[in-house]
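Chains as they are written, first to last, in the numbering used here: chain A, 216 to 572; chain U, 17 to 106.
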């Protein structure tokens with residue numbers, strides 16, 4: 216067994232390996248000097264994809280078929296066209312398609328939009344239907360820009376796709392991206408003239424739970440759960456969590472009632488409360504919460520865990536991983552009960568994903 | 017006689033290019049097209065749509081240039097990333 220952590224940082228991507236979840240080694244550093252928003256593994260063929268960005272040279276998507284040793288990269292088609300005022304500034308999220316469509320890869324970008332590749336990321340097409348949705352006028356840049364940083368595909372229906380836009384809201388397509396429905400019921404956007412709009416909410420992280428129709432959602436204004444494919448949302452953070460603000464969310468690989476969040480103080484103080492690192496876990500789908508701190512720094516820890524900084528693995532018991540904007544990764548091999556610092560002093564971490572091979 | 021082309025180190029590293037490159041082209045635009053033929057995708061790193069990317073500068077024989085600047089045989093064409101930093105967004 217090998218556990219790989221695929222890590223995207225502000226200065227390249229990293230692969231960190233462990234044979235036992237006790238000892239860890241940084242084995243690969245790729246795209247040094249490029250900002251990597253997301254690194255993901257494609258279970259269909261073992262490819263690794265990276266969202267590679269530069270404010271000077273623009274965005275591209277890279278693919279490795281040898282676990283990060285060598286890469287090919289492209290941005291062919293990653294554009295809104297010369298007639299558009301929107302620009303593709305960064306790739307924020309990559310999502311491999313279903314097993315029935317090998318080579319399909321989705322990308323969420325800034326300025327917020329969705330792109331699809333059918334050839335492993337070599338060429339891209341803009342899914343124009345999303346930006347033509349009548350609610351798009353409600354979109355506006357969040358602190359990170361106007362970004363589409365969430366793309367999810369239903370494992371039971373490859374034509375059902377969710378996207379999350381900051382600040383724009385949750386949208387779902389049931390026909391492979393041809394049409395979209397805004398799904399933000401019960402989620403406020405208090406900075407809007409109408410604080411409960413159809414769209415314009417600031418989505419930080421969406422995660423699919425291993426149960427049909429269930430999603431967890433870290434929004435700018437709270438933590439939410441849906442049990443009906445996003446049609447309605449229940450506030451699960453109001454009771455028991457120290458703050459409604461945070462970026463990241465993660466789900467247990469087998470138990471749909473177990474999820475993890477890292478609350479931050481507020482949207483103007485974006486670090487963990489009391490400067491004491493804590494991951495919060497629910498075992499009952501958000502009814503109650505446990506504060507997990509065993510092994511995490513509890514003094515002067517001004518830590519931020521960004522949107523894709525929290526991950527789980529598929530082992531039993533499940534591993535949980537939290538990467539911080541200070542370049543530290545904390546790992547738990549027992550579902551969050553105890554933690555160890557496994558890597559220090561990486562560049563600021565954008566994303567962590569765990570793969571068990 | 018081809019032009020001698022210099023690229024920013026970050027791009028040269030990405031494409032594993034040893035500088036300078038000998039590249040044929042009568043204007044900067046054609047130089048970039050030829051670079052893209054030799055190193056597919058590099059055009060998108062230097063240009064966005066019909067223009068140079070906002071933080072890419074180009075000099076021909078040390079004079080500020082643009083995509084339509086003529087390139088004579090043996091000229092030096094130097095692409096430079098603007099010095100900008102200290103901010104995530106520049």
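Using N, Cα and C, we set each Cβ at its ideal position, and we do this for glycine too.
Every value quoted in this text rests on a predicted model; they were computed, and no experiment measured them.
Secondary structure of residue i, DSSP reduced to three states
{"i": "residue 342 of chain A", "result": "coil"}
{"i": "residue 371 of chain A", "result": "coil"}
{"i": "residue 436 of chain A", "result": "coil"}
{"i": "residue 60 of chain U", "result": "helix"}
{"i": "residue 474 of chain A", "result": "strand"}
{"i": "residue 480 of chain A", "result": "coil"}
{"i": "residue 525 of chain A", "result": "strand"}
{"i": "residue 105 of chain U", "result": "Per-residue confidence for residue 105 of chain U stands at a pLDDT of 49, beneath the threshold of 50, marking its modelled position as unreliable; the derived number appears in the next sentence. In this structure, residue 105 of chain U counts as coil in the three-state DSSP scheme."}
{"i": "residue 80 of chain U", "result": "strand"}
{"i": "residue 276 of chain A", "result": "strand"}
{"i": "residue 30 of chain U", "result": "helix"}
{"i": "residue 45 of chain U", "result": "helix"}
{"i": "residue 301 of chain A", "result": "coil"}
{"i": "residue 25 of chain U", "result": "helix"}
{"i": "residue 50 of chain U", "result": "helix"}
{"i": "residue 488 of chain A", "result": "helix"}
{"i": "residue 365 of chain A", "result": "strand"}
{"i": "residue 86 of chain U", "result": "strand"}
For residue i, the residue or residues it bridges with in DSSP
{"i": "residue 243 of chain A", "result": "A:230"}
{"i": "residue 321 of chain A", "result": "A:310, A:331"}
{"i": "residue 357 of chain A", "result": "A:360"}
{"i": "residue 348 of chain A", "result": "In the DSSP output, where bridge partners are listed per residue, residue 348 of chain A has none listed."}
{"i": "residue 92 of chain U", "result": "U:20"}
{"i": "residue 386 of chain A", "result": "A:378, A:397"}
{"i": "residue 289 of chain A", "result": "A:276"}
{"i": "residue 253 of chain A", "result": "A:266"}
{"i": "residue 466 of chain A", "result": "A:474"}
{"i": "residue 224 of chain A", "result": "A:227, A:564"}
{"i": "residue 67 of chain U", "result": "U:64"}
{"i": "residue 72 of chain U", "result": "U:97"}
{"i": "residue 219 of chain A", "result": "A:232, A:570"}
{"i": "residue 38 of chain U", "result": "U:20"}
{"i": "residue 248 of chain A", "result": "The partner list for residue 248 of chain A (beta bridge, DSSP) is empty, contrary to what the question assumes."}
{"i": "residue 556 of chain A", "result": "A:545"}
Check your understanding: What residues in the stretch 44-61 of chain U have a beta carbon less than 9 Å from any beta carbon of chain A?
Key -> Flagged, chain order: 56, 57, 60, 61.
Check your understanding: So does the stretch 66-78 of chain U actually touch the stretch 555-562 of chain A, counting three or more Cβ pairs closer than 8 Å?
Key -> No, the stretch 66-78 of chain U does not touch the stretch 555-562 of chain A.
Check your understanding: Which parts of the stretch 393-464 of chain A are runs of the beta strand (DSSP E), unbroken and 3 residues or longer, counting only runs that do not cross its ends?
Key -> For the stretch 393-464 of chain A, whole beta strand (DSSP E) runs of length 3 or above, ordered along the chain, are 418-423, 430-434, 437-441.
Review point. What residues in the stretch 65-93 of chain U bring their beta carbon closer than 8 Å to a beta carbon of chain A?
Key: So the list reads 65, 66, 69, 71, 72, given in the order they occur along the chain.
**Study point:** Residues, ordered as in the chain, of the stretch 264-279 of chain A that lie near chain U by beta-carbon distance below 8 Å
**Key:** Listed by position along the chain: 269, 270, 271, 272, 273, 275.
Check your understanding: At which residue ranges does the stretch 492-543 of chain A contain complete beta strand (DSSP E) runs of 3 or more residues, listed in the order of the chain?
Key -> Counting only runs of 3+ residues, the beta strand (DSSP E) found wholly inside the stretch 492-543 of chain A occupies 494-497, 505-507, 525-527, 535-538, in chain order.
Review point. Does the pairing of the stretch 253-271 of chain A with the stretch 31-45 of chain U give three or more beta-carbon distances under 8 Å?
Key: Segments in contact, no.
Exercise for review: Would you be able to state if there are at least three C-beta pairs under 8 Å between the stretch 302-312 of chain A and the stretch 358-369 of chain A?
Suggested key: Cβ pair count under 8 Å is three or more, so yes.
Check your understanding: Within the chosen definition, does the stretch 286-296 of chain A reach the stretch 248-262 of chain A through at least 3 CB pairs nearer than 8 Å?
Key -> Under the Cβ criterion (8 Å, minimum of three pairs), the stretch 286-296 of chain A does not count as touching the stretch 248-262 of chain A.
Check your understanding: Touching or not, the stretch 23-38 of chain U and the stretch 535-544 of chain A, by the rule of three or more beta carbon pairs under 8 Å?
Key -> Segments in contact, no.
Exercise for review: Using a Cβ-Cβ cut-off of less than 8 Å, give me the residues of the stretch 535-568 of chain A that come near chain D, in sequence order.
Suggested key: Looking for chain D here will not work: the only protein chains present are A and U.
Check your understanding: Is the stretch 452-462 of chain A touching the stretch 515-532 of chain A, taking contact as three or more C-beta pairs under 8 Å?
Key -> Because the criterion of three Cβ pairs below 8 Å is met, the stretch 452-462 of chain A and the stretch 515-532 of chain A touch.
Exercise for review: Check distances from the C-beta atoms of the stretch 337-350 of chain A to those of chain U and list, in chain order, the residues that come in under 8 Å.
Suggested key: So the list is empty, because no residue satisfies the distance condition.
Check your understanding: Counting pairs of Cβ atoms below 8 Å between the stretch 495-509 of chain A and the stretch 223-235 of chain A, do you hit three or more?
Key -> Here the stretch 495-509 of chain A does not lie against the stretch 223-235 of chain A, with fewer than 3 beta-carbon pairs under 8 Å apart.
**Study point:** Near-chain A residues of the stretch 21-47 of chain U - C-beta to any C-beta below 7 Å
**Key:** Listed in chain order, the positions of the stretch 21-47 of chain U with a beta carbon within less than 7 Å of a beta carbon of chain A are 26, 27.
Practice item. Check whether the stretch 331-343 of chain A touches the stretch 397-406 of chain A, counting contact only when three or more Cβ pairs, one atom from each stretch, lie closer than 8 Å. Key: Too few Cβ pairs lie closer than 8 Å, so no.
**Study point:** chain U contacts from the stretch 378-391 of chain A (Cβ-Cβ distance under 8 Å)
**Key:** Taken residue by residue, none of the stretch 378-391 of chain A has a beta-carbon sitting less than 8 Å from a beta-carbon on chain U.
Practice item. Indicate whether the contact test is met: 3 or more Cβ pairs, each with one atom in the stretch 422-430 of chain A and one in the stretch 480-495 of chain A, closer than 8 Å. Key: The stretch 422-430 of chain A makes no contact with the stretch 480-495 of chain A; the number of CB pairs closer than 8 Å stays below 3.
Point to revise | Where the stretch 230-264 of chain A meets chain U: residues whose CB sits under 9 Å from a CB there | key: Interface annotation for the stretch 230-264 of chain A against chain U: 246, 247, 248, 249, 250, criterion Cβ-Cβ distance under 9 Å.
Exercise for review: Determine, using beta-carbon pairs with one atom in the stretch 343-361 of chain A and one in the stretch 324-334 of chain A, whether at least three such pairs fall under 8 Å.
Suggested key: The stretch 343-361 of chain A makes contact with the stretch 324-334 of chain A; the number of CB pairs closer than 8 Å reaches 3 or more.
Review point. For the stretch 289-300 of chain A, which residues have a beta carbon sitting closer than 9 Å to at least one beta carbon of chain U?
Key: Taken in chain order, the members of the stretch 289-300 of chain A whose beta-carbon sits within less than 9 Å of a beta-carbon on chain U are 289, 290, 291, 293, 294, 296, 297.
Exercise for review: Could you tell me whether the stretch 54-61 of chain U touches the stretch 267-283 of chain A, using the rule of 3 or more Cβ pairs below 8 Å?
Suggested key: In short, these stretches touch, since the Cβ pair count reaches three.
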